[in-house]
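> Chains as they are written, first to last, in full-length UniProt numbering: chain V, 1 to 309; chain U, 1 to 309. Don't be surprised by glycine CBs; every beta carbon is placed ideally from N, CA and C.
1. Can a CB atom of chain V be found closer than 8 angstroms to the CB of residue 80 of chain U?
2. In terms of alpha-carbon separation, which member of V/36, V/239 and V/119 lies closest to residue 107 of chain V?
3. For residue 277 of chain V, I'd like the list of residues in its chain whose CB is within less than 6 angstroms of its CB, leaving aside the five on either flank, ordered along the chain.
4. Using DSSP with H/G/I as helix, E/B as strand and the rest coil, what is residue 73 of chain U?
5. Name the residue from V/178, V/241, V/53 and V/223 whose alpha carbon lies nearest to the alpha carbon of residue 199 of chain V.
6. Determine whether the Cβ of residue 286 of chain U lies closer than 8 angstroms to any Cβ atom of chain V.
7. Rounding to the nearest angstrom, what Cα-Cα distance links residue 306 of chain U and residue 146 of chain U in this structure?
8. So, at 6 angstroms on beta carbons, what are the nonlocal neighbours of residue 81 of chain V in its own chain, with the 5 sequence-adjacent residues on each side left out?
9. Would you grab the beta carbon distance between residue 144 of chain U and residue 40 of chain U for me? Rounded to a whole angstrom, and I think it's under 8 angstroms.
10. Taking the runs of the beta strand (DSSP E) that are 3 residues or longer, which of them lie wholly in the region 90-158 of chain U?
11. So, under 8 angstroms CB-CB, residue 193 of chain U and residue 208 of chain V are touching, yes? Tell me the CB distance rounded to an integer number of Å.
12. Along chain V, which residues have their Cβ under 8 angstroms away from the Cβ of residue 154 of chain U?
13. In angstroms with no decimal places, state the Cα-to-Cα distance between residue 95 of chain U and residue 70 of chain U.
14. With a threshold of 8 angstroms between beta-carbons, can residue 183 of chain V be considered close to chain U, or not?
15. What does residue 235 of chain V touch in chain U if you count any residue whose Cβ is under 7 angstroms from its own?
16. Going by DSSP, what residue range makes up the beta strand (DSSP E) through residue 22 of chain V?
17. Buried or exposed, going by whether 16 or more other CB atoms sit within 10 Å of the CB of residue 211 of chain V?
18. Which full runs of the alpha helix (DSSP H) of 4+ residues lie inside the region 237-288 of chain V, going along the chain?
19. For the structure I just gave you, are there three or more beta carbon pairs, one from the region 147-157 of chain V and one from the region 215-232 of chain V, closer than 8 angstroms?
20. For residue 126 of chain U, which residues from the same chain have a beta carbon less than 6 angstroms from its beta carbon, with the 5 sequence-adjacent residues on both sides left out?
21. What residues from the region 197-212 of chain V come within 9 angstroms of chain U, judged by C-beta to C-beta, listed N to C?
22. Is it buried or exposed for residue 140 of chain V, if we count other Cβ within 10 angstroms and need 16 for buried?
23. I'd like to know whether the C-beta of residue 64 of chain U is nearer than 8 angstroms to at least one C-beta of chain V.
24. Please list the partners that residue 195 of chain V has in chain U, where partner means a Cβ-to-Cβ separation under 9 angstroms.
25. Can you give the beta carbon distance from residue 111 of chain U to residue 244 of chain U, rounded, assuming they're within the 8 angstroms contact cut?
26. So, does the region 247-263 of chain U touch the region 278-292 of chain V, judging by three or more C-beta pairs under 8 angstroms?
27. What number of angstroms, rounded off, separates the C-alpha of residue 18 of chain U from the C-alpha of residue 174 of chain U?
28. Could you check whether residue 34 of chain V and residue 79 of chain V sit closer than 8 angstroms to each other, using their CB atoms as the reference points?
29. I need the straight-line Cα distance from residue 64 of chain V to residue 92 of chain V, nearest angstrom please.
30. Determine the contact status of residue 202 of chain U and residue 292 of chain V, defining contact as a CB-CB distance below 8 angstroms.
31. Of the residues U/38, U/263 and U/248, which one's Cα is nearest the Cα of residue 61 of chain U?
32. Would you decide whether residue 301 of chain U is buried or exposed? Buried here means 16 or more other CB atoms lie within 10 Å of its CB.
33. Tell me which same chain residues have a C-beta within less than 7 angstroms of the C-beta of residue 49 of chain U, skipping the five on either side of it?
34. Distance, Cα to Cα, residue 58 of chain V vs residue 109 of chain U?
35. Cα-Cα, which of U/73, U/187, U/116 and U/77 is closest to residue 99 of chain U?
36. Can you name the residues of chain V whose CB is closer than 8 angstroms to the CB of residue 253 of chain U?
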C-alpha cells in the first residue's frame, strides 16, 4: 500500500485543471454513458468505435461528436473488453489521440502487463473500473447517471504519472462517482470474489433452466429471478473478462466448490437414517446459512437505480 | 398425471360455496398476509400462533381476530415450517378447528407422508405452496397483495377429498394468486431446482463476504446484491426447508458441483500456457455462459413487486 500512498500524495499535489476535451473509444453501454455524463458537464467529447454506425448512434443520443478529435484531447477513455485494451492503448498513444489514457475494463493487471510488454507508455495511462453496468448492452442502454454514487476504482502502477491519475479522477468526479485507489492485483482478486465468480455461479444455476419443462418454470419466483439476473450478461464480453482474470476466479470457485461439497454431505446426512448424522448435517447447514446472512448484511446499501428485469 | 387429472375433474364438479370463515395458524409473514387478504375480501378469519402476542400483532394489522373460532371454520391454513405441519395438522384435526386444511410449506411430500403415518386424516387436507415471500419475516412484513399474480401450487394426494381442493382453490382465488395442481414429489424436485439449491448457493457466495475487508466490499455492485439477496432468509426456517427436502436438493447441487468442476478446469486451462487448452477453456466458458443466458431468458417476467433491498 505504500506505493499507492505515494501515488495518492503526489496526485493531490498535481495542478487540477478542469477536463475540457475527452475521447471515448468504444461506444457501448459504458462508453456511451461516459460520453453522456461528460457532454452534460460541458466537456467536448469525441466518440470512436470500430463500428462507425455505433459511434453515430451514441452521438445521436447526445454522448458527443462521432469524429476523431483535431488535436490531442485531455483524456481518452478506452471502453472495451479487457483483452482489447493493450493494443488499443498502444495504437492511440502512437497516433496521439490524447495526453492521458484510462480504461473501464473489469480486469486490471493482465492488460497493464501486456501493454507494458508490447511497448505502451505506462506513464500516461492509469487503469480504471467503474462499479456500474447493466444486462443490456449498446448505446441505447446508456444513461448519463449510470455511475452516480458508484465506486470507480483507479489502479495506478509505479510508473503512472500522477497527472494521469488527476485527469482520470476529474472524469470520475464529473460522472458523479466515488474514487477508490487500489493496487491492480488486489483489484483483480477482489472482483473475482465480488463479481466474476458470482457471475459464473449465476450462469450455472440459470443454465440448468435451459431445458426445464415450462410448467415447472411456473414455480420460479422473484428469488430465482434476482439470483440469476447477472447471468443475462453478454457471453462474449464475459468470456473475455473470465479469461483475463482466470487464475483469481478459479481460486475463488475452488473454495466455493469445497464448501459446496460440505453442503452436499450435510444434505446427504439429513436424507439418511442416522439421527446423529442428521443432527450434524442440520448444524452444518444452519452454520452455512447464518454465515450467508452475516455476509450479505455487510454489503453496502443499494444506490438508487431503476429496477432490473 | 392421470391421478391429478382425476382430482382436477372431480374438484370442478364440487359445489363451490364461498369461503365464509377461515383460520390461520402461524401469523408470520405468510400467515399474516393470508389473513390480510382474506379479511379484505370479507372472510371472517381467526388467527392463532404459538406466541399469542404475535397473533395479536397480526390482528392489530387487520389480518383477523386473535382468537380460536367458536365453531369449525371452512378452511384452516397452516402457515409454519414444513417440519411443524404433521403434528399441527393432527392436533387441529382432532380438536375440530376446521372442516378442511391446507398449508403453505415449501416442501410437500415428506410432511404429508409423516402426517399420514402419524394418523392424520388425509381426506380433509391438501398441501399448498404459494410462490411468494420476502427476506423479512414476521407480521409487520406482511402485505395483503403478497400473492397477487403469483403461482400457488396445490398437491392433492390420492386420498384428498375434492372438496378440500375446492376450498383451498377458493383461498387462492381470494388471495389473487393462480392455482397450479401438481404432484407432491414433482413439486419438491422442482423447488429443489428453482428455490432451495439457488438459496444454498447464494448463501455460499454471501458467506464468503462475512470476513472480507470492508474496503474490498466497496467493489460490490448491484449484481452481487441481487445474486445474494435470498441469502438474507431466516436460517432457522431455511434449515427446516432444506432438511425436509434434503435428497432432491442434494441431487441438484451434485449436478451443479459437476458443472462447477468443468468451469474451474476451463479457467485453469485459460490461466495456463498451452494455446490449445486456452482455446478449449474459452469455448467451454462461452458455452456455460450462453446456456445461462438461454436459461434465464426462459423465466416468466416479474410480477409487480416493491424493490428488494
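Reading from the atomic positions:
1. Start at 1 with the first residue of the second chain, and residue 80 of chain U comes out as number 80. It does not: the Cβ of residue 80 of chain U has no partner Cβ on chain V nearer than 8 angstroms.
2. Position 107 of the first chain, counted from the start, is the residue given in the question as residue 107 of chain V. Ranking the options by Cα distance to residue 107 of chain V, first place goes to V/239.
3. For this step, residue 277 of chain V is matched to residue 277 along the first chain. Same-chain partners within the cutoff: 269.
4. In the second chain, residue 73 of chain U corresponds to position 73, counting from 1. If DSSP states are grouped into helix, strand and coil, residue 73 of chain U belongs with the strands.
5. Indexing the first chain from 1 puts residue 199 of chain V at position 199. Comparing Cα-Cα distances from residue 199 of chain V to each of V/178, V/241, V/53 and V/223, the minimum goes to V/241.
6. The count along the second chain starts at 1 and reaches residue 286 of chain U at position 286. At least one chain V Cβ lies under 8 angstroms of residue 286 of chain U.
7. In the second chain, residue 306 of chain U corresponds to position 306, counting from 1. In the second chain, residue 146 of chain U corresponds to position 146, counting from 1. Confidence at residue 306 of chain U is low in this model, with a pLDDT of 43, below 50, so its placement is unreliable and the value that follows should be read with caution. Distance between the alpha carbons of residue 306 of chain U and residue 146 of chain U is about 10 angstroms.
8. As a working mapping, residue 81 of chain V is identified with position 81 in the first chain. Excluding sequence neighbours, residue 81 of chain V sits near 237 and 240.
9. By one-based count along the second chain, residue 144 of chain U stands at place 144. By one-based count along the second chain, residue 40 of chain U stands at place 40. With a Cβ gap of about 5 angstroms, residue 144 of chain U and residue 40 of chain U count as contacting.
10. 98-103, 125-130 and 151-155
11. Taking the second chain and counting its residues from 1, one reaches residue 193 of chain U at position 193. Taking the first chain and counting its residues from 1, one reaches residue 208 of chain V at position 208. At roughly 6 angstroms, the Cβ-Cβ gap stays under 8 angstroms, so residue 193 of chain U and residue 208 of chain V are in contact.
12. Taking the first residue of the second chain as 1, we reach residue 154 of chain U at position 154. Near residue 154 of chain U there are no residues of chain V at all, since even the closest Cβ is about 13 angstroms away, more than 8 angstroms.
13. Taking the second chain and counting its residues from 1, the one referred to as residue 95 of chain U is at position 95. Taking the second chain and counting its residues from 1, the one referred to as residue 70 of chain U is at position 70. If you take the alpha carbons of residue 95 of chain U and residue 70 of chain U, they lie about 12 angstroms apart.
14. As a working mapping, residue 183 of chain V is identified with position 183 in the first chain. It does not; no Cβ of chain U falls within 8 angstroms.
15. Locating residue 235 of chain V in the first chain gives position 235, where the first residue counts as 1. By Cβ distance, chain U contributes 286, 289, 290 and 293.
16. Translated into the one-based positions of the first chain, residue 22 of chain V becomes position 22. From DSSP, the beta strand (DSSP E) with residue 22 of chain V extends over 21-25.
17. Along the first chain, one-based indexing puts residue 211 of chain V at 211. The residue in question, residue 211 of chain V, is exposed, as its Cβ has fewer than 16 Cβ neighbours within 10 Å.
18. 246-271
19. no
20. Translated into the one-based positions of the second chain, residue 126 of chain U becomes position 126. Closer than 6 angstroms at Cβ, skipping near neighbours: 102, 154, 156, 160, 164, 165 and 168.
21. 197, 198, 199, 200, 201, 202, 203, 204, 205, 206, 207, 208, 209, 210, 211 and 212
22. Counted from its first residue, the first chain places residue 140 of chain V at position 140. Residue 140 of chain V comes out exposed.
23. Your numbering for residue 64 of chain U matches position 64 in the second chain. No, residue 64 of chain U lies away from the interface with chain V (no Cβ there is under 8 angstroms from its Cβ).
24. What you label residue 195 of chain V is simply residue 195 of the first chain in a count that begins at 1. Here the neighbours are 219, 220, 221, 223 and 224.
25. On the second chain, residue 111 of chain U is found 111 positions in, with the first residue counted as 1. On the second chain, residue 244 of chain U is found 244 positions in, with the first residue counted as 1. That pair is a contact at about 7 angstroms.
26. no
27. Position 18 of the second chain holds residue 18 of chain U. Position 174 of the second chain holds residue 174 of chain U. Roughly 10 angstroms separates the two Cα atoms.
28. Your numbering for residue 79 of chain V matches position 79 in the first chain. Your numbering for residue 34 of chain V matches position 34 in the first chain. Yes.
29. On the first chain, residue 64 of chain V is found 64 positions in, with the first residue counted as 1. On the first chain, residue 92 of chain V is found 92 positions in, with the first residue counted as 1. Their Cα atoms are separated by approximately 19 angstroms.
30. In the second chain, the residue the question calls residue 202 of chain U occupies position 202. In the first chain, the residue the question calls residue 292 of chain V occupies position 292. Yes, these two residues count as a Cβ contact at 8 angstroms.
31. As a first step, residue 61 of chain U is located in the second chain; it is residue number 61 there, counting from the start. The option with the nearest alpha carbon to residue 61 of chain U is U/38.
32. Here residue 301 of chain U refers to the residue found at position 301 when the second chain is read from its first residue. Classification of residue 301 of chain U: exposed, given that the 10 Å Cβ count is below 16.
33. Counting from 1 along the second chain, the entry for residue 49 of chain U is found at position 49. The residues are 26, 27 and 55.
34. The count along the first chain starts at 1 and reaches residue 58 of chain V at position 58. The count along the second chain starts at 1 and reaches residue 109 of chain U at position 109. One C-alpha to the other measures close to 55 angstroms.
35. If you number the second chain from 1, residue 99 of chain U lands on position 99. Per the Cα distances, U/73.
36. As a working note, residue 253 of chain U is residue 253 in the second chain. Those within 8 angstroms of residue 253 of chain U in chain V are 260, 263, 264 and 267.
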